[in-house]
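Chemist: Going left to right, the sequence shown walks through residues 655 to 1081 as our numbering numbers them.
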Amino acid sequence: MSEQLSMMPTPSNEAERRRVLHRHKVAVTSLLALMAVIFIACSWAQSRGNGAAWIGYVRAAAEAGMVGGLADWFAVTALFKYPMGIPIPHTAIIPNKKDQVAGVLSDFVSENFLNARTITDKVMAAGIPERVGRWLAQPENAGRVSEEAGKFTVRMVEGIDPAEAEGFINTQLIDRLAEPIWAPPLGRTLEGLIADGKVEPVVDDIVVWARRKVDGMEGTVVTMIDERMPRWAPRFAKELVGQRVYDEMVAFMEDVDTDEQHEARRAIRRQITQFAQDLQFDGDMISRVEALKNDVMGSAAVTSAAGGIWEQLSEALVAQASDAESALRRKAAASAREWGQKLVDDPSVRADAERTLEKITHFAAENGADQIVGIIAETIERWDGEEAADKIELMVGKDLQFIRLNGTIVGALAGLAIYTVSQLLFY
């Protein structure tokens, strides 16, 4: 198929094809003329009554060769034009029936070459997954894949209009994030974390924070006790009471820190659980969260965030994709090499790739072959009848001239054989 398409005349080789076709036509026509000359010469010699016996054999061969050559000339010429300009029925077939020829040719190509089964079998027979795997397993080839992927990424990112990217981020990310009511989903999420024991680190952090605060409050506690005790109380008594209160606070926080089932810890857990319930079912809490959401999503920082997000994201992508030593490029090369090695070494991976390739090829061939084949019919149908005949003759005309040549030679040999047999039988 590809060889036939490559033979189609193009402006660059059309002139050369015309010269070759003309040369073959002249050669074959000259042979036909030679047969006619030989026939006339032999007929003249026999008419004189003194011709040798061999002249009859030559005359018979020339006569039959001339008839065979003329018959094949008629057949070949009738494909492309009217022989000698005479509109004989069923001649000039291609100019008059190019649309039917186009349809038949398209059907032939579709049924025998570009059908889904043939294409799929051909592709699968090539062993593409294993060959691709061996190619990718080479570090330099994996590097080339990473490089080309990087170039494609850069072109893709640079080809995106920043305004469109910002609009997409606004509509698909920020606006969608602001659409739902936040509180109930947050409450359900928190409830799930509580059930999985994932909030215990939060309880620990609260206790650690409280203990750290208490550890730094010694002076504050003593001063506060001193200010609240009667003025007549001795100073040492004030300090003693203040220190005792502080020591109790420290001891209490130490107990809370070391005892996971301490009442204070359980109280914190109850508050977190209640908070999860309030987020889901308490109207006042839901309204407060919604008000907070509206304040956050309506803030200048959020409304102008899309431009900054795209700017930073695009710059990071371009920088990573352009740098051969970046983590992105190294990861791409390593992944390509690893996948290639798996295609070579792991039969199951290769089988999966082959099944996927088979499905893709079959789908593409089944849905695209008709469109490809249709180009043949559409192109020929657009041609003028004479133009179609001219293009097709340029493509196959040289081979058809060999039909004329063979017709002349075979006719001559057949005529010679028939004449010889008749001489042997009847003379």
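Where a beta carbon is used, it is the ideal one built from N, C-alpha and C, also for glycine.
#1: Return the CA-CA distance between Pro816 and Pro838, expressed in angstroms with no decimal places.
#2: Quick check: the Cα distance between Gly781 and Glu765, rounded to an integer number of angstroms?
#3: For Met738, count the other beta carbons within 10 Å of its own beta carbon; 16 or more makes it buried, fewer makes it exposed. Which is it?
#4: Start and end of the alpha helix (DSSP H) containing Arg702?
#5: Please list the segments of the alpha helix (DSSP H) lying wholly inside the stretch 705 to 782, counting only runs of 4 or more residues, in order along the chain.
#6: DSSP three-state call for Met951: helix, strand or coil?
#7: In three-state terms, what does DSSP make of Asn824?
#8: Under the three-state reduction of DSSP, which class applies to Val853: helix, strand or coil?
#9: List the endpoints of the continuous alpha helix (DSSP H) containing Glu1049.
#10: Quick one: using the 10 Å Cβ neighbour count with 16 as the cut-off for buried, is Phe806 buried or exposed?
#11: In angstroms, rounded to a whole number, what distance separates the CA positions of Asp932 and Glu1020?
#12: Output needed for Gly1086: all residues of its chain with C-beta closer than 7 Å, excluding positions within five of it in sequence on either side, in chain order.
#13: Inspect the CB distances between the stretch 749 to 757 and the stretch 1034 to 1041 and report whether three or more fall short of 8 Å.
#14: What do you get for Ile740, buried or exposed, if any count of 16 or more other CB atoms within 10 angstroms of its CB means buried?
#15: Short of 6 Å in beta carbon distance, which residues of its chain neighbour Met951, apart from the five on each side in sequence? Order them along the chain.
#16: Determine the extent of the alpha helix (DSSP H) in which Pro1001 is found, giving its start and end residues.
#17: For Ile692, does the count of other Cβ atoms within 10 angstroms reach 16, so buried, or fall short, so exposed?
#18: Please report how far the alpha carbon of Leu761 lies from the alpha carbon of His744, in whole angstroms.
#19: What span of residues does the alpha helix (DSSP H) with Ile814 cover, start to end?
#20: Look at Val857 and Met903 and say whether their C-beta atoms are less than 8 Å apart.
#21: Where does Pro838 fall in DSSP's three states?
#22: Is Val998 near Arg788, with beta carbons less than 8 Å apart?
#23: Between Pro783 and Ala1007, is the Cβ-Cβ spacing less than 8 Å?
#24: For Ala779 versus Tyr1073, is the C-beta distance shorter than 8 Å?
#25: Indicate whether Val730 and Leu1054 have their beta-carbon atoms separated by less than 8 Å.
#26: May I have the straight-line CA-CA distance separating Ser701 from Ala687, to the nearest angstrom?
#27: Quick one: what's got a C-beta closer than 8 Å to Leu1011's C-beta in the same chain, skipping five residues either side?
#28: Does DSSP put Glu979 in a helix, a strand or coil?
#29: Over what stretch of residues does the alpha helix (DSSP H) that includes Ala918 continue unbroken?
#30: Return the first residue and the last residue of the alpha helix (DSSP H) that Asp913 is part of.
#31: What distance in whole Å lies between the Cβ atoms of Arg920 and Val910, which are believed to be in contact at a cut-off of 8 Å?
#32: Between the beta-carbon of Ala945 and the beta-carbon of Leu790, is there less than 8 Å?
#33: Quick check on Ala987: does DSSP put it in helix, strand or coil?
#34: Going by other Cβ atoms of all chains shown within 10 Å of its Cβ, with 16 needed for buried, is Tyr900 buried or exposed?
#35: Alpha carbons only, please: which of Arg865, Glu794, Thr927 and Met810 is nearest the one belonging to Lys852?
Modeler: On the basis of the supplied data:
#1: The residue you call residue 816 lines up with position 162 of the sequence shown. The residue you call residue 838 lines up with position 184 of the sequence shown. Cα-Cα distance, rounded: 35 Å.
#2: For the purposes of this step, residue 781 is identified with residue 127 of the sequence shown, where counting begins at 1. For the purposes of this step, residue 765 is identified with residue 111 of the sequence shown, where counting begins at 1. So the alpha carbons of these two residues sit roughly 24 Å apart.
#3: One-based indexing of the sequence shown puts residue 738 at position 84. The residue is exposed, with fewer than 16 neighbouring Cβ atoms inside 10 Å.
#4: Looking up residue 702 in the sequence shown gives position 48. Counting along the chain, Arg702 falls outside any alpha helix (DSSP H), and DSSP gives it neither H nor E.
#5: Restricting attention to alpha helix (DSSP H) runs no shorter than 4 residues, the stretch 705 to 782 encloses them at 707 to 734, 747 to 750, 752 to 766 and 770 to 779, ordered along the chain.
#6: Within the sequence shown, the letter at position 297 stands for residue 951. Taken through DSSP and simplified to helix, strand or coil, Met951 comes out as helix.
#7: Residue mapping note: residue 824 aligns to position 170 of the sequence shown, counting from 1. Judged by DSSP in its simplified three-state form, Asn824 adopts helix.
#8: Position 199 of the sequence shown holds residue 853. In the displayed model, Val853 falls within coil according to three-state DSSP, outside both helix and strand.
#9: Here the question's residue 1049 lines up with position 395 in the sequence shown. It is Met, not Glu, that sits at residue 1049 in the sequence shown. It spans Gly1039 to Phe1080 - the alpha helix (DSSP H) in which Met1049 sits, taken as one unbroken run.
#10: Here residue 806 corresponds to residue number 152 of the sequence shown, with the count starting at 1. Burial call: exposed.
#11: One-based indexing of the sequence shown puts residue 932 at position 278. One-based indexing of the sequence shown puts residue 1020 at position 366. Here the C-alpha atom of Asp932 lies approximately 58 Å from the C-alpha atom of Glu1020.
#12: Nothing about residue 1086 can be reported from this structure: the residues present for the chain run from 655 to 1081 only.
#13: Yes: the two stretches touch, three or more of their Cβ pairs being nearer than 8 Å.
#14: On the sequence shown, position 86 is the one that residue 740 refers to. With fewer than 16 Cβ atoms within 10 Å of its Cβ, Ile740 is classed as exposed.
#15: Walking along the sequence shown from the start, residue 951 turns up at place 297. The residues are Ala832.
#16: As a position in the sequence shown, residue 1001 is number 347, starting the count at 1. It spans Pro1001 to Arg1036 - the alpha helix (DSSP H) in which Pro1001 sits, taken as one unbroken run.
#17: In the sequence shown, residue 692 corresponds to position 38, counting from 1. Looking at its Cβ environment, which holds 16 or more other Cβ atoms inside 10 Å, Ile692 is buried.
#18: Reading the sequence shown from its first residue, position 107 is the one you call residue 761. Reading the sequence shown from its first residue, position 90 is the one you call residue 744. Going by the sequence as given, residue 761 is Asp instead of Leu. Using only the alpha carbons, I get a separation of about 22 Å.
#19: Against the sequence shown, residue 814 aligns to sequence position 160. Counting along the chain, Ile814 falls outside any alpha helix (DSSP H), and DSSP gives it neither H nor E.
#20: If you number the sequence shown from 1, residue 857 lands on position 203. If you number the sequence shown from 1, residue 903 lands on position 249. With respect to Met903, Val857 sits apart: the two C-beta atoms are not nearer than 8 Å.
#21: The residue you call residue 838 lines up with position 184 of the sequence shown. Look at Pro838 here: in three-state DSSP terms it is helix.
#22: Here residue 998 corresponds to residue number 344 of the sequence shown, with the count starting at 1. Here residue 788 corresponds to residue number 134 of the sequence shown, with the count starting at 1. In contact: Val998 and Arg788 (Cβ atoms closer than 8 Å).
#23: As a first step, residue 783 is located in the sequence shown; it is residue number 129 there, counting from the start. As a first step, residue 1007 is located in the sequence shown; it is residue number 353 there, counting from the start. A contact, by the Cβ cut-off of 8 Å.
#24: Locating residue 779 in the sequence shown gives position 125, counting from the first residue. Locating residue 1073 in the sequence shown gives position 419, counting from the first residue. It is not a contact, given that the beta carbons lie outside the stated cut-off.
#25: Mapped onto the sequence shown, residue 730 falls at position 76. Mapped onto the sequence shown, residue 1054 falls at position 400. In this structure, Val730 sits near Leu1054, with a CB-CB distance shorter than 8 Å.
#26: The residue given as residue 701 occupies position 47 in the sequence shown. The residue given as residue 687 occupies position 33 in the sequence shown. Just so you know, the alpha carbons of Ser701 and Ala687 end up roughly 21 Å apart.
#27: Counting from 1 along the sequence shown, the entry for residue 1011 is found at position 357. For Leu1011, where only same-chain residues beyond five positions count, the Cβ hits under 8 Å are Val777, Met778, Ile782 and Pro783.
#28: Here residue 979 corresponds to residue number 325 of the sequence shown, with the count starting at 1. In this structure, Glu979 counts as coil in the three-state DSSP scheme.
#29: On the sequence shown, residue 918 is found 264 positions in, with the first residue counted as 1. Unbroken alpha helix (DSSP H) run through Ala918: Glu917 to Phe935.
#30: Position 259 of the sequence shown holds residue 913. Following the DSSP letters along the chain, one finds Asp913 in no alpha helix (DSSP H), marked with neither H nor E.
#31: Counted from its first residue, the sequence shown places residue 910 at position 256. Counted from its first residue, the sequence shown places residue 920 at position 266. For Val910 against Arg920, the beta-carbon gap comes to about 10 Å, at or over 8 Å, which does not count as contact.
#32: Here the question's residue 945 lines up with position 291 in the sequence shown. Here the question's residue 790 lines up with position 136 in the sequence shown. Not a contact, by the Cβ cut-off of 8 Å.
#33: As a position in the sequence shown, residue 987 is number 333, starting the count at 1. Of the three classes helix, strand and coil, the one that applies to Ala987 here is helix, per DSSP.
#34: Counting from one through the sequence shown, the residue named residue 900 turns up at place 246. It counts as buried.
#35: Locating residue 852 in the sequence shown gives position 198, where the first residue counts as 1. That would be Thr927, whose Cα lies nearest to the Cα of Lys852.
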